[in-house]
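**Student:** Dumping the structure here so I can ask a few things about it.
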Amino acid sequence: MSMENCARHQEAHEAFNRRDMEACMSFMSDDCSFYDCGREITISGKSEIGQWLQGWVDMLDGRVTKPFYLDAGDYSVCMFTAAGVGPKGEVTGPYCEVAHFTNGKIDSASLYYDQLSLLTKMGVMEAPANVTA
Numbered sequence: 375m376s377m378e379n380c381a382r383h384q385e386a387h388e389a390f391n392r393r394d395m396e397a398c399m400s401f402m403s404d405d406c407s408f409y410d411c412g413r414e415i416t417i418s419g420k421s422e423i424g425q426w427l428q429g430w431v432d433m434l435d436g437r438v439t440k441p442f443y444l445d446a447g448d449y450s451v452c453m454f455t456a457a458g459v460g461p462k463g464e465v466t467g468p469y470c471e472v473a474h475f476t477n478g479k480i481d482s483a484s485l486y487y488d489q490l491s492l493l494t495k496m497g498v499m500e501a502p503a504n505v506t507a
């Protein structure tokens, strides 16, 4: 069953990239929750998660690129490059998403990325000064 979880994870990402949010959300349980580690927030329920995903589209026209899926039993791990366009041009960065499946649906997931790097690439904030020891 776990390889099927990786396939579902990939299909959810493909639906997101097509901007088919209804199809993307169909891979999630009604009471699913996502933890956005970069912002340290938890998003709960399909409605809120749909809004959160739409935020990535609205903010950067974000897409999942170069995905690599790992089977981990009830979990599927995807390492990918997020790509989009910000106010200062192309924005890319490494992401890792860990999704837990129950009965073939994502019931929880965590998204790991470097928020400081993302905001710097978007031109929202200045890169911190290099610190030497």
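Residues in the sequence shown are numbered consecutively from 375, following the working numbering. We put the CB at the ideal spot given by N, CA and C, even for glycine.
#1: Taking the beta strand (DSSP E) that Ser-403 belongs to, which residues open and close that run?
#2: Taking the beta carbon of Leu-444 as the centre, do at least 16 other beta carbons fall within 10 Å, making it buried, or is it exposed?
#3: Beta-carbon within less than 6 angstroms of Ala-501's beta-carbon, same chain only, minus the 5 sequence neighbours each way: which residues are those?
#4: In or out: Arg-382 buried (at least 16 other Cβ within 10 Å) or exposed?
#5: Please tell me whether Cys-398 and Leu-434 are closer than 9 angstroms, where the distance is taken between their beta carbons.
**Tutor:** Concretely, from the data shown:
#1: Segment 402-410, the beta strand (DSSP E) holding Ser-403.
#2: Exposed, since its Cβ has fewer than 16 Cβ neighbours within 10 Å.
#3: The residues are Thr-494.
#4: By the 10 Å Cβ count, Arg-382 comes out buried.
#5: For Cys-398 and Leu-434, no; Cβs fall outside 9 angstroms.
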